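Peer 1: This structure is in structure tokens; I'll ask about it shortly.
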Amino acid sequence: MADRYSPREIERKWQERWERDGLYRTPDDDPRPKFYFLTMLPYTSGDLHIGHWYAMAPSDAAARYRRMRGYNVLFPMGFDAFGLPAENAAIKHGIHPKKWTYDNIERMRGQLKTMGAMFDWSREVITCDPEYYKWNQWFFLKMYERGLAYRALAPANWCPSCQTVLANEQVLPDGTCERCGTPVTRRDLEQWFFRITAYADELLDHSKIQWPEPVVVMQKNWIGRSEGVEIAFALEVPGVDEKEIRVFTTRPDTIYGVTFMVLAPEHPLVPKITAPERRREVEEYIELARRETEVQRLSTAREKTGVFTGAYCRNLLSGELVPIFIADYALMWYGTGAVMGVPAHDQRDFEFAQKFGLPVKVVVAPPGWDGSPLEEAYEGPGTMVDSGPFTGMPSEEGKGAVARYVEEKGWGRRRVMYRMRDWLISRQRYWGTPIPIVYCDECGTVPVPEDQLPIVLPEDVDFRPTGESPLARHEGFVNTACPRCGRPARRETDTMDTFMDSNWYFMRYLSPHYDQGPFDPELGRKWLPVDQYTGGAEHAVMHLLYARFFWKVCRDLGLVQGDEPFLRLFNQGQILGPDGQRMSKSRGNVVAPDEQVERWGTDTFRCYLMFLGPWEHGGPFTFQGIQGIWRWLNRIWNVALATPRTDEAADPLPLRKLLHRAIQRATDDMEKFRFNTLIATLMELTNSLTRALQEGPVHPRAWEEAVDSLLLMLAPLAPHIAEELWERRGRPYSVHQQSWPSYDPELARPEEVTLVVQVNGRLRDRLTVPADISEEEAKQLALGSERVRPHIGERPVRRIIYVPGKLVNIVVG
RNA sequence: GCCGGAGUGGCGGAAUGGGCAGACGCGGCAGACUCAAAAUCUGCUGAGGGGCCGCCCUCGUGCCGGUUCGAGUCCGGCCUCCGGCACCA
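Numbering follows numbering that gives the first Met the number 0, in which position 440 of the first sequence is assigned residue number 439; successive positions increment by one, without gaps.
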């Protein structure tokens, strides 16, 4: 018997050997078909946690499998290195964000290497490196040129006590500052946006990608397209120039039910139309709304609030005059910032009307309605009533009819609205990509010329929170010369949202040090788009939507071909603590992967994560089960190195059939990322081989074929032990350069099947029969069964149902 | 509230173009090896009941109903948990 399985020794040994040999360097000039396998890069938080392992280890197995299937596989890794936690660490512990980040990268890179993954480290990308973010700035300029980057006034979270802008993550759920507990207010600042809404309709089209349906649905909901009509209401306030208020509605069929009008508090018409005697109350309400955080304001549980402006407007269709209110449930950034109040057919309007004693006028009769007052808004379809010329029309039809009428009269037009807003990319933060813009008193907003990039983030910055954006206090950074006129000018001091970094990192992997553009276009043509992307579902809307948008911009810039960056997507589940809760330091349920690797070895830990359950499910990490994987790998060790009693005369078929069935199932599972059942299949194969070993002489070539195939199928899952055993069995280095075993369908097909015999649908007997048994034979066999006959008794057989290879069901009585 | 996803033994989970429920593993029980323990190996392990105990019967996939010869799987109505969105006119 060979010596014992000792993961610590062999794992270090092979990791060193693989690195020395450049086994996982992906050549760009390889004749095999390319396959770009991408897994999301980690944020440089400090330690590689179990979630990273759960995301990456199965991805590695799948990438290795692709490689064994004859593809030239690119499987790169990098670090998402800009972001708030680095800055917070600096504020809290006085460590410079750069040092904090690079120290973390150093540690995490080491941890990643213990995984034994086939990452091509020569392509590593670190997003906080000027070599990388230079191209963030370059992209920004391209977008600015095309009008896709613009500056506008937008509200930001503002802490009046800290005198600083806060990121959304720094605002606690109760709307207070995470540092000082002061209620956060909103403050309007000039900020930069990317015009993602210009691509809204294209982003709604997921027909060219194979993504999990839930992610597609989430993106569609996020974009939130709705078709409706913009309609004018006549404004008849003396001394006001504006003669109309425009509203957006998806329910033009309810227009005769309008009993009031609501404007958003920020609506520009409000100060103009407010009656003198209402002015004080209106201003107070506006101030109140301004002080509220978005979270508070959008809370649906709250009772409706609002104030009457004293002004009226006229419904052009009905000719009725209705009062104009302001209320914070009307949102300035959606539609026109004005809502027509139809309490009978909109629950929000209904609640508002109840509160303010406004009339509820039914114009779409619910089926079977007796004319009595409504208890709540009726939002379904019905027959239009009390609606002028449209009375009697089904409301669904009325939508189009009213829209046409309104368009004919020139009172409005059909419009499409989106829930999605443009992407605000400005962050009043230090640790991010500087926005390449200069403000000049003479020339205004001036983009930094390309040849002056990168604008390097200065390191000698006072990033402690003193009430200003850190870069704004750095004289050497802020003060510059206008690129256009040369006169003194000021740099933009905001930095970019870090989602900018993840927009295109997968392009940078192709040529991480290329300096003529974001990536070598020739390599772009070769490798892009990504064939398979894996990562957490938490990125369903933000990252994955931004990256699709960005790709389409790149396509329009002529940088990439095709419409989508990630052809196939897979979301792994989330790994929980042993208590079934989210892992967190405060709960004390964090499982450190390093300890598990130390104890069991990487191969065992990797396989265990894959064996836990379906990859997309995730679930609690428990310590008991890992033992089972350890035992299994030991059994493989023993089987692979055993010297069986062999006999040329032994029948090779049983072993071969067993093996080829296993290969068939394993291949199918690999294709579908079903690692848990894949491992179960390999366990069964291992157990069968162990039994064959004990039972007697085996056919020598069938045995060798079976053991070699087992190791080949093990290789993507547990790369180190597979390599070690492959070598010990005298096979040529490396197991990872071999082909995935193929199966012979003839051998994989079972010769005998178990035929289930039922009487009236209840299981009564199992018969082992040849797979090619005829229907007639099967029925006769079933009827003749000793176990079946008593259940038929004297009752007549009415029907016999036969499912080939599966069952016979005898219907009696 | 709306939109997704999921509910199967003591536990993680298998099995869905309807057809053997519980593969594989953990845990548990019993045995072998051992002075003993660990490790390893073998057997049993959904619940209930009956036996002429190497056998049989009944029940059983969140709940209620339906379709079907047959439902974990399909349909209708609920319940619970998880995730996302949440006054989007």
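Backbone N, C-alpha and C fix where the C-beta goes; we use that ideal spot for every residue, glycine too. Bear in mind the structure is a predicted one, so any value in this text is a computation, not a measurement.
Considering Cα atoms alone, identify which of MET117, MET39, GLU105 and PRO26 is closest to TYR64.
Peer 2: MET117
Peer 1: Could you say if the stretch 356-376 and the stretch 213-220 meet the contact criterion of at least three C-beta pairs nearer than 8 Å?
Peer 2: no
Peer 1: State the Cα-Cα distance for the pair PRO699 and SER687, rounded to the nearest angstrom.
Peer 2: Taking the Cα positions, PRO699 is about 16 Å away from SER687.
Peer 1: Please report the Cβ distance between ASP593 and GLN110, rounded to the nearest whole angstrom; I am assuming they are in contact, meaning their Cβ atoms lie under 8 Å.
Peer 2: About 7 Å separates the two Cβ atoms, so the contact holds.
Peer 1: Taking ALA155 as the reference, which of THR181, GLN190, GLU276 and CYS179 has the closest Cα?
Peer 2: Residue GLN190 is the option with its Cα nearest to ALA155.
Peer 1: For GLY431, is the classification buried or exposed, using 16 other Cβ atoms within 10 angstroms of its Cβ as the cut-off for buried?
Peer 2: buried
Peer 1: State the DSSP-derived secondary structure class of GLY223, mapped to helix, strand or coil.
Peer 2: coil
Peer 1: Considering only residues of the same chain and omitting the five flanking positions on each side of TYR311, which have a CB-CB separation below 6 Å?
Peer 2: LEU320 and PRO322
Peer 1: I need the straight-line Cα distance from CYS484 to VAL338, nearest angstrom please.
Peer 2: For CYS484 and VAL338, the distance between alpha carbons rounds to 47 Å.
Peer 1: Pick out whichever of ARG122, GLY367, CYS553 and ALA714 has its Cα sitting closest to the Cα of THR25.
Peer 2: For THR25, the closest of ARG122, GLY367, CYS553 and ALA714 by C-alpha to C-alpha distance is ARG122.
Peer 1: In whole angstroms, give me the CA-to-CA distance for ALA649 and ALA691.
Peer 2: 12 Å
Peer 1: Where does GLY409 sit, in a helix, a strand or coil, going by DSSP?
Peer 2: The DSSP-derived three-state label of GLY409 is coil.
Peer 1: With distances taken from CA atoms, which of HIS48, ASP59 and GLU8 is nearest GLN531?
Peer 2: ASP59
Peer 1: Specify whether the stretch 483-500 and the stretch 421-435 touch according to this definition: at least 3 beta carbon pairs, one from each stretch, less than 8 Å apart.
Peer 2: yes
Peer 1: Applying the criterion that 16 or more other CB atoms from any shown protein chain within 10 Å of the CB defines a buried residue, is PHE622 buried or exposed?
Peer 2: exposed
Peer 1: With DSSP as the reference, label GLY535 as helix, strand or coil.
Peer 2: strand
Peer 1: Measure the C-alpha to C-alpha separation of HIS329 and ALA352 and round it to an integer number of angstroms.
Peer 2: The residue asked about is misnamed: residue 329 is Ala in this sequence, not His. Roughly 14 Å between the two C-alpha positions.
Peer 1: As an exercise, report each continuous alpha helix (DSSP H) stretch of at least 4 residues that is fully enclosed by the stretch 679-759, in chain order.
Peer 2: 699-713, 718-727 and 744-747
Peer 1: HIS205 to VAL215, Cα distance in whole Å?
Peer 2: 7 Å
Peer 1: Could you pull out every residue in the same chain whose Cβ sits closer than 8 Å to the Cβ of PRO795, ignoring the five residues on either side in sequence?
Peer 2: Excluding sequence neighbours, PRO795 sits near VAL811 and GLY812.
Peer 1: When the Cα atoms are used, what is the spatial distance from MET0 to LEU640?
Peer 2: With a pLDDT of 40 at MET0, under the threshold of 50, the predicted position of this residue should be treated as unreliable, and no value is reported.
Peer 1: Within the continuous beta strand (DSSP E) that includes GLN190, where are the two ends?
Peer 2: First-last of the beta strand (DSSP E) with GLN190: 184-193.
Peer 1: Could you tell me the distance, in whole angstroms, from the CA atom of THR43 to the CA atom of VAL802?
Peer 2: Taking the CA atoms as reference points, THR43 sits about 57 Å from VAL802.
Peer 1: Measuring straight from C-alpha to C-alpha, what distance separates GLY475 and VAL460?
Peer 2: Straight-line Cα distance between these residues: approximately 10 Å.
Peer 1: Do you know offhand how far PHE672's Cα is from ILE678's?
Peer 2: 11 Å
Peer 1: Which residue's Cα is closest to the Cα of VAL405: GLU144, PRO388, GLU8 and VAL228?
Peer 2: VAL228
Peer 1: I think PRO769 touches GLU745, with their Cβ atoms under 8 Å apart; what is that distance to the nearest whole Å?
Peer 2: Contact flag wrong, Cβ pair sits at about 15 Å.
Peer 1: Under 8 Å, with one C-beta from each stretch per pair, do the stretch 567-575 and the stretch 84-92 reach the 3-pair mark?
Peer 2: no
Peer 1: Starting from the C-beta of GLY381, find all residues in its chain whose C-beta is less than 7 Å away, skip the five residues before and the five after it, and write them out in chain order.
Peer 2: Excluding residues within five positions, the ones whose Cβ falls inside 7 Å are VAL363, ALA364, PRO365, PRO366 and SER394.
Peer 1: For THR676, does the three-state DSSP call read helix, strand or coil?
Peer 2: helix
Peer 1: Restricting to runs no shorter than 4 residues, where is the alpha helix (DSSP H) found entirely within the stretch 612-644?
Peer 2: The stretch 612-644 contains these whole alpha helix (DSSP H) runs: 625-640.
Peer 1: So LYS133 packs on LEU452, CB below 8 Å; how close in whole Å?
Peer 2: Indeed they touch by this definition, with Cβ atoms about 5 Å apart.
Peer 1: Name the two residues that bound the continuous alpha helix (DSSP H) containing ARG250.
Peer 2: No alpha helix (DSSP H) holds ARG250; DSSP gives it neither H nor E.
Peer 1: For SER317, does the three-state DSSP call read helix, strand or coil?
Peer 2: coil
Peer 1: Mind checking ARG19: buried by the 16 CB within 10 Å criterion, or exposed?
Peer 2: exposed
Peer 1: ALA231 bridges to which residues according to DSSP?
Peer 2: Beta-bridge pairing links ALA231 to ARG245.
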